[in-house]
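Residue numbers (the numbering used here): 3 to 52.
In what follows, a structure is listed as structure tokens, so that the remarks can point back to it.
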């Protein structure tokens, strides 16, 4: 992931970018228009915290 540490990372879907951002100690914002894919991304992020 290439961004300045003070910048916010944008995850456009899936949640995988958000997971990497968290592992690198970065802030992130996730966007998903499809409710089903949003649920998948939320579950993926939740599992990454376990």
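Built from N, CA and C at the ideal position, the CB exists for glycine as well.
Every value quoted in this text rests on a predicted model; they were computed, and no experiment measured them.
Status (buried if at least 16 other CB within 10 Å, exposed otherwise) for residue i
i, result
"residue 5", "exposed"
"residue 17", "buried"
"residue 37", "exposed"
Bridge-paired residues (DSSP) for residue i
i, result
"residue 6", "DSSP, once it has assigned bridges, lists no residue as partnering residue 6."
Local conformation of residue i per DSSP, three classes
i, result
"residue 11", "strand"
"residue 21", "helix"
"residue 31", "strand"
"residue 52", "coil"
"residue 40", "helix"
Cβ-Cβ separation, residue j to residue i (assumed contact under 8 Å), whole Å
i, j, result
"residue 10", "residue 31", "6 Å"
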